[in-house]
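Line by line, the protein sequences are chains H and F. Offset between the first sequence (1-based) and my numbering: plus 1023. Offset between the second sequence (1-based) and my numbering: plus 1. Single-structure report; data block below.
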Amino acid sequence: MIEMLKNNSRTIQMISGWFLAIAPSIIFYLLPQSNWAFILFVVSLFVIYKIKANNIIKGILAAVMLFAVMPAVGLENTYYLDVITQVGIYVSLAIGLNIVVGFAGLLNFGFVAFYAFGAYFYAIFATSQAGNFIPAAIAHFPVSGNWFWLFLIFGALLSGLLGFLLGLPVLRLRGDYLAIVTLGFAEIIRILFNNMDKPINFTNGPKGLSPIQPPEFFGYMLNQPIHFYFIVLVVVILTIIIAKRLDASRIGRAWASIREDELAARSMGIPVVRMKLLAFVIGASFAGAMGVIFAAKQTFIDPSSFGFMESIGILCMVLLGGMGSVSGAVMGAAAVVLLQLNILKEFSDYLGQLSAMGILNIPSQVDPAKYEKMVFGLILILVCIFRPQGILPSKRYLPSWFKNKQENTISPKEEDPDVARS
Amino acid sequence: MLLEAKGIRKSFGGLMAVDDVDFSLPEGHIESIIGPNGAGKTTFFNIVSGNYHPDEGKIIFDGRDVTKLEPDQAAASGIARTFQNIRLFPELMAVENVLVGMHMHLSAGLGSIVFNTRKARREEQRAFDEARELMRYAGLEGKEKELARSLPYGDQRRLEVARALAVKPKMLLLDEPTAGMNPRETDEMKEFILRLRDEKKVSILLIEHDMKVVMGISDKITVLNYGVKIAEGVPEEIRNNPEVIKAYLGQEAI
């Protein structure tokens, strides 16, 4: 009897799981204007990730959602396409930061500096701005959108170089000191961009740079949200693959060992400074590449997009999702961006409607959309208390080819109560 | 001589932790350093393994001057160690702990990892096989996927040795390998250390408080007290040395 009940509940669980995985796509397709349908759609991606099923089936399902359903809806309603692109950009940034903070354990408060560098790197040359300091005889600005791809690569490389130059003196510091120095560095970069409009106008100062040339692909102008959606999607998939492979490699293990016990790692022959630099550089180059895409997508950038709060925001995504966990970084980025752009806004619209109907009287000072930062803080505190390892904690996997009688995965924090108590 | 340390001196502020110590370890030997708490044994270890640099003195290892090497360079030259208070990588799986020790013998670079080349995959597979073999050797078979921190104490000690072996050292520094072990585990560890020397051909330098272990396996024993070497010799000589008895048991004991 109990056995039957157990079986039954398992079947119910499975059916409801699959329902949650597939239904939102259909609802979202039918109701492209609905905010909740969009949020459910994103949530269902994580349901698919978590559901117990063949990886190939899960992959196909996710691919259909991202490559077919989302663009199809996006043609109806570009707003959500824009939001999901924004999510994608932050996913890449969060994964980049996760390599530095989560994998290697280097607290970096200045991650946004590299993002800003990438954005300005493209923006200066893709507007008429570069004409201010490069004579027209040499080159004509803005450069054509075909250059975007080259800038994407060089944005990543040069940001990496910047990370290397910063890391060289700084990575001898530990923990809190490193955090302070990187924080200062990010502020310097931002203030530099803010003030480099005189004597020679490099960055156009606080007025920002615009209009930035959209990318071109063999003469085809890529300036629609759908184009950026696909560019970001491809980059996100690449970053996920790279981060996953690094995590499971000898380099990833070296990072983890430094994070766990630096002294022991050194004694085992890990070249600690070199490995830290590598993490720093890879993280920075992810941010640089994303900066280039961000500049092209926004067509306008100014220093205020790259403030300290931005760095903190990305760090929050990593913490929320789970340090060192790639899927956690994806989840954290999605949760934070959706909370900012959709959930809180929806909630305050709803309250606004209620007060318009005279049911509730809510003064505009307590409009939830204005308390975004407070809600974040609250969520972070709750996560830290109840789930300090993050929502999707990092797991150590044995590779699939490693023959072992036992099951091949283990989650660090969820083991038998015995060990947890000790 | 595999290891030769001459006139090693190290002070912390006013405290002379190691004072003019000479030490030598021939290849294939097991030698122990003993002494009361605070005698400078671990400091001496830290100097040999590159964690500290001596104020004075010189260390020649395998024909090379290693006095100024950093720990990772010392490891690369063939010196591996364990720690008095176990220092594993707690959130990594046991097998990964061993693989970290292998790091410098693996060659996969950034490019081959990102593109997941066949060469990188092969190397990984070989490394895992080797790591599993080392774990089996250390008596940790089937515990590959356990997180290091969830292993029982004795297994953690053994895993630390396995990790150090993965460095493929010529000399192994073991800092109190039987600390906190029960008599049966201690005997196993003793046998294991002997096997390491005979089968893995590593020379072993040992800090140990358990006199049964020290007397049982050491080719030579060095006694430190307040940073000074007070005696040196085969177990029999040390056992009867009045200086040593005084250091351990006090003046009245003689």
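All C-beta atoms, glycine included, are put in the ideal place defined by N, C-alpha and C. Just so you know, these numbers come straight off a predicted model, no measurement behind them.
Output yes or no for whether 8 Å exceeds the beta carbon distance between residue i and residue j.
| i | j | result |
| --- | --- | --- |
| L1415/H | K146/F | no |
| I1118/H | A1307/H | no |
| M1354/H | V1124/H | no |
| I1062/H | N1246/H | no |
| L1367/H | V1398/H | yes |
| L206/F | L174/F | yes |
| G41/F | D63/F | no |
| R1276/H | E125/F | no |
| G14/F | L225/F | no |
| K1299/H | L1129/H | yes |
| E92/F | E1283/H | yes |
| D176/F | I208/F | yes |
| A77/F | R1273/H | no |
| M172/F | L4/F | yes |
| P178/F | T83/F | yes |
| T223/F | K213/F | no |
| G1141/H | A1310/H | yes |
Using the Cα positions of residue i and residue j, report the straight-line distance between them to the nearest angstrom.
| i | j | result |
| --- | --- | --- |
| P1165/H | S1151/H | 5 Å |
| L135/F | A163/F | 6 Å |
| M1170/H | G1178/H | Going by the sequence as given, residue 1170/H is Trp instead of Met. Computed Cα separation, rounded: 12 Å. |
| Y1373/H | M1244/H | 39 Å |
| I1404/H | L1362/H | 16 Å |
| R240/F | L1342/H | 57 Å |
| S1280/H | M103/F | 12 Å |
| L1098/H | I1107/H | 13 Å |
| L1181/H | I1305/H | 11 Å |
| A1139/H | D1325/H | 9 Å |
| P170/F | L197/F | 11 Å |
| P243/F | N47/F | 29 Å |
| V1066/H | P1294/H | 41 Å |
| S151/F | S1348/H | 20 Å |
| L1196/H | G1314/H | 27 Å |
| L1194/H | K1029/H | 54 Å |
| P1047/H | F1064/H | 5 Å |
Quick test of your reading: residue i and residue j, contact by CB under 8 Å. State the CB separation rounded to the nearest angstrom.
| i | j | result |
| --- | --- | --- |
| T44/F | V19/F | 5 Å |
| V1259/H | S1115/H | 5 Å |
| I1316/H | V1135/H | Not confirmed; about 15 Å, so no contact. |
| I1249/H | A1149/H | With a Cβ gap of about 20 Å, I1249/H and A1149/H do not count as contacting. |
| I114/F | R1268/H | 6 Å |
| A1266/H | I1122/H | 6 Å |
| Y1145/H | F1174/H | 5 Å |
For the beta strand (DSSP E) that residue i lies in, which residues bound it at each end?
| i | result |
| --- | --- |
| M17/F | 16-26 |
| L175/F | 172-176 |
| R82/F | 80-82 |
| S12/F | 4-13 |
Within 8 Å (strictly less), CB to CB, does residue i reach chain F?
| i | result |
| --- | --- |
| P1192/H | no |
| R1273/H | yes |
| S1348/H | no |
| E1283/H | yes |
| M1291/H | yes |
| P1435/H | Confidence at P1435/H is low in this model, with a pLDDT of 47, below 50, so its placement is unreliable and the value that follows should be read with caution. Yes, P1435/H counts as interfacial toward chain F. |
| W1424/H | yes |
| V1295/H | yes |
| I1265/H | yes |
| R1033/H | no |
| R1197/H | no |
Does the beta carbon of residue i sit closer than 8 Å to a beta carbon anywhere in chain H?
| i | result |
| --- | --- |
| D66/F | no |
| N86/F | no |
| E233/F | no |
| V203/F | no |
| H54/F | no |
| K139/F | The residue asked about is misnamed: residue 139/F is Ala in this sequence, not Lys. It does not: the Cβ of A139/F has no partner Cβ on chain H nearer than 8 Å. |
| E134/F | no |
| D73/F | yes |
| I246/F | no |
What residue range does the alpha helix (DSSP H) around residue i cover?
| i | result |
| --- | --- |
| G1178/H | 1171-1193 |
| G1351/H | 1349-1361 |
| R1197/H | Neither: R1197/H is in no alpha helix (DSSP H) and is coded neither H nor E. |
| T1262/H | 1248-1270 |
| I1157/H | I1157/H -> no alpha helix (DSSP H), and no H or E assigned at all. |
| T1/F | Because chain F in this structure spans residues 2 to 255, residue 1/F falls outside the shown range and cannot be described. |
| N1121/H | 1101-1121 |
| T44/F | 42-49 |
So does residue i have its beta carbon nearer than 7 Å to some heavy atom of the ligand FAD?
| i | result |
| --- | --- |
| L1189/H | With respect to the ligand FAD, the structure offers nothing, as it holds no ligand at all. |
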